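To keep things clear, I will list the structure first and then write my remarks on it.
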Amino acid sequence: DGGITQSPKYLFRKEGQNVTLSCEQNLNHDAMYWYRQDPGQGLRLIYYSQIVNDFQKGDIAEGYSVSREKKESFPLTVTSAQKNPTAFYLCASSRANRDGYTFGSGTRLTVV
Amino acid sequence: GDSVTQMEGPVTLSEEAFLTINCTYTATGYPSLFWYVQYPGEGLQLLLKATKADDKGSNKGFEATYRKETTSFHLEKGSVQVSDSAVYFCALTYGSSNTGKLIFGQGTTLQVKP
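Those sequence lines, one after another, are chains A and B. In this text, residue positions in the first sequence follow my numbering: the first is 92, and each later residue adds one. In this text, residue positions in the second sequence follow my numbering: the first is 149, and each later residue adds one.
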């Protein structure tokens with residue numbers, strides 16, 4: 092079955108460390124997205140990519156970086172410059188049409 | 149710019165009660181509209197969608213009708229169950245071009261009590 096996989100499900104980071112969250116899809120979707128969700132809050136867009144080797148900043152890109160070297164993969168790095176990284180991170184993918192997103196199951200990042 | 153506004157939660161209902169979660173939108177062109185559901189600790193799942201005016205999306209007893217005249221897409225269910233407790237997000241396709249990008253509302257938490 093096609094789908095979108097995020098790993099790991101839980102991630103712990105020490106202050107000052109960079110960490111990378113994985114997102115892989117086998118849906119042959121062109122576009123991929125990263126969102127951040129804080130408790131009781133909505134979704135905030137971090138980065139998105141509509142084609143390989145290209146990506147755009149979302150509303151809260153500071154302290155994050157991404158790459159899109161393959162169509163299937165869109166990893167997110169949370170850098171030490173992100174002051175408050177503890178959150179639930181969601182990856183999604185879509186075709187370039189009106190069918191909507193498919194979401195991964197999320198990664199919960201905690202700074203210890 | 150394009151935007152989505154949902155009713156604030158939490159919405160608390162007893163089992164078998166009627167559910168309405170309001171969603172209104174502002175958009176250029178003719179967006180597609182969506183409802184997503186998020187269960188605790190999980191990602192979002194597509195619940196239903198409508199792609200043009202007067203379309204009704206439906207799934208698992210939930211329904212929503214695309215009302216262009218009132219720019220609304222309210223979610224309804226005739227009889228909720230405890231298992232429907234979740235966060236519900238309304239969304240629309242962004243802009244007039246087919247990029248696939250969505251704009252989400254803030255989400256509405258539904259709590260159903262036995």
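Beta carbons are placed, not taken as given, at the ideal position from N, Cα and C, and that holds for glycine. This structure is a prediction, so every number in the text was calculated from the model and none was measured.
Nonlocal neighbours in the same chain, by C-beta distance under 6 Å from residue i, ignoring five residues either side
i               : result
A183 of chain A : Y124, Y192, F194
Y173 of chain B : V152, T219, L240
Residue i to residue j span [Cα, whole Å]
i               : j               : result
R199 of chain A : E190 of chain B : 10 Å
L161 of chain B : S180 of chain B : 29 Å
I251 of chain B : F182 of chain B : 10 Å
L223 of chain B : D203 of chain B : 13 Å
D232 of chain B : Y139 of chain A : 31 Å
Candidates the options, of which the one nearest residue i by Cα
i               : options                        : result
N207 of chain B : B:Q154, B:Y184, B:T219         : B:Y184
Q141 of chain A : B:A175, B:G248, B:F210, B:Q186 : B:G248
L192 of chain B : B:T174, B:L240, B:Y236         : B:Y236
E163 of chain A : A:P99, A:Y126, A:N144          : A:N144
K174 of chain A : A:A152, A:K100, A:T96          : A:A152
Sequence-distant residues of the same chain with beta carbon closer than 8 Å to residue i, five excluded per side
i               : result
L102 of chain A : V110, L112, T198, R199, L200, T201
V159 of chain B : L167, I169, T256, T257, L258, Q259
K105 of chain A : V202, V203
K102 of chain B : Because chain B spans 149 through 262 in this model, residue 102 of chain B falls outside it and cannot be assessed.
Check whether residue i and residue j have beta carbons under 8 Å apart
i               : j               : result
L181 of chain A : Q128 of chain A : yes
S171 of chain A : G107 of chain A : yes
N149 of chain A : V169 of chain A : First, the residue type needs correcting, since residue 149 of chain A is Gly and not Asn in the sequence shown. Taking 8 Å as the Cβ cut-off, G149 of chain A and V169 of chain A do not qualify as a contacting pair.
G226 of chain B : G209 of chain B : yes
8 Å Cβ cut-off: residues of chain D touching residue i
i               : result
S185 of chain A : No chain D is present in this structure, whose protein chains are A and B.
Cross-strand partners of residue i (DSSP beta bridge)
i               : result
G195 of chain A : None; G195 of chain A has no bridge partner.
S113 of chain A : A:S98
N207 of chain B : B:F210
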